[in-house]
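Peer 1: I am attaching a structure below and will ask some questions about it afterwards.
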Amino acid sequence: MEPFHADVFRIFDKQWALVTAGSMEDYNTMTVSWGGLGTLWSRPVATVYVKPIRYTYQFLEKNAYFTVSFFPDSYRKDLGILGSKSGRDGNKIVLTSLTPTAVENGVGFAQASATLLCKKIYWQDLDLNQIPQDAIDAYYQTEAPHRMYIGEVVGIQQKIAF
């Protein structure tokens, strides 16, 4: 696997990413700004957080793989659309300039600077009893907490280094 270099404290929070699960025939994607990159059990991993109310959640639940795609800043508007529109309501990809592409066991995007192919190895719902009160007040007053998905990075498609 090729090396992947990124500002891990900035890449999700400031640049955002798309998490995508499913196949070219049936997939959904959404923008995520919470996530992490690191190692777990001596494996390279990507971690993303998705609320159960999101349409992408059911795709993450039923698929063994997901992708995390990162984009140049010029695609920020597209990521904004994919973070605010639901795939339940129709094909939100047509509202963007992005082109879905098949990757092994998943879906990526032609315009992505880098796509991580992840095999799901762990997931767990965040526990409200363990979350700081200010975070509960800000994010969990009306909705269930996020589910954390950890995927072993089993492939990287990279056009530019971060």
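In the working numbering, the protein residues as written are 1011 to 1172.
Backbone N, C-alpha and C fix where the C-beta goes; we use that ideal spot for every residue, glycine too.
Assuming the contact rule is C-beta atoms closer than 8 angstroms, PRO1142 and MET1034 should be a hit. Round their C-beta distance to whole Å, please.
Peer 2: With 8 angstroms as the limit, PRO1142 and MET1034 do not qualify as a contact, their Cβ atoms being about 40 angstroms apart.
Peer 1: Are the beta-carbon atoms belonging to ASN1038 and GLY1093 less than 8 angstroms from one another?
Peer 2: It is not a contact, given that the beta carbons lie outside the stated cut-off.
Peer 1: Using C-beta distances below 7 angstroms, list every residue in its chain close to GLY1161, excluding the 5 sequence neighbours before and after it, in chain order.
Peer 2: Only VAL1055, ALA1056, PHE1076, CYS1128, LYS1129, LYS1130, ILE1131 meet the Cβ criterion.
Peer 1: Indicate whether SER1043 and ASP1023 have their beta-carbon atoms separated by less than 8 angstroms.
Peer 2: In this structure, ASP1023 lies closer than 8 angstroms to SER1043 by Cβ.
Peer 1: Where do the N-terminal and C-terminal ends of the beta strand (DSSP E) with GLU1162 fall, by residue?
Peer 2: Here the beta strand (DSSP E) through GLU1162 covers 1157-1168.
Peer 1: Alpha carbons only, please: which of LYS1169, GLN1168, VAL1163, VAL1104 is nearest the one belonging to ILE1051?
Peer 2: The amino acid at residue 1051 is misidentified as Ile; the sequence shows Trp. The shortest Cα separation from TRP1051 among LYS1169, GLN1168, VAL1163, VAL1104 belongs to VAL1163.
Peer 1: On the three-state DSSP scale, how would you describe LYS1095?
Peer 2: Coil, per DSSP.
Peer 1: Who are the Cβ neighbours of ILE1166 in its own chain at under 8 angstroms, not counting the five residues just before and after it?
Peer 2: Result list for ILE1166: MET1011, GLU1012, PHE1014, ALA1124, THR1125, LEU1126, LEU1127, in chain order.
Peer 1: Count the other C-beta atoms from every protein chain shown that fall within 10 angstroms of the C-beta of LEU1108, then say buried if there are 16 or more, exposed otherwise.
Peer 2: Looking at its Cβ environment, which holds 16 or more other Cβ atoms inside 10 Å, LEU1108 is buried.
Peer 1: May I ask you to list the residues that DSSP assigns as paired with MET1011?
Peer 2: Bridge partners of MET1011: none, in fact.
Peer 1: Which residue or residues does DSSP assign as beta-bridge partners of ARG1053?
Peer 2: Beta-bridge pairing links ARG1053 to LEU1050.
Peer 1: By a C-beta neighbour count over all protein chains shown, 10 Å radius and 16 as the cutoff for buried, is LYS1102 buried or exposed?
Peer 2: Answer is buried; the Cβ neighbour count reaches 16.
Peer 1: In three-state terms, what does DSSP make of PHE1119?
Peer 2: Correct three-state label for PHE1119: strand.
Peer 1: Applying the criterion that 16 or more other CB atoms from any shown protein chain within 10 Å of the CB defines a buried residue, is PHE1105 buried or exposed?
Peer 2: It should be pointed out that residue 1105 corresponds to Leu in this sequence rather than to Phe. Flag for LEU1105 reads exposed.
Peer 1: How should PHE1019 be labelled, buried or exposed, when 16 other C-beta atoms within 10 angstroms of its C-beta is the threshold for buried?
Peer 2: Label assigned to PHE1019: exposed.
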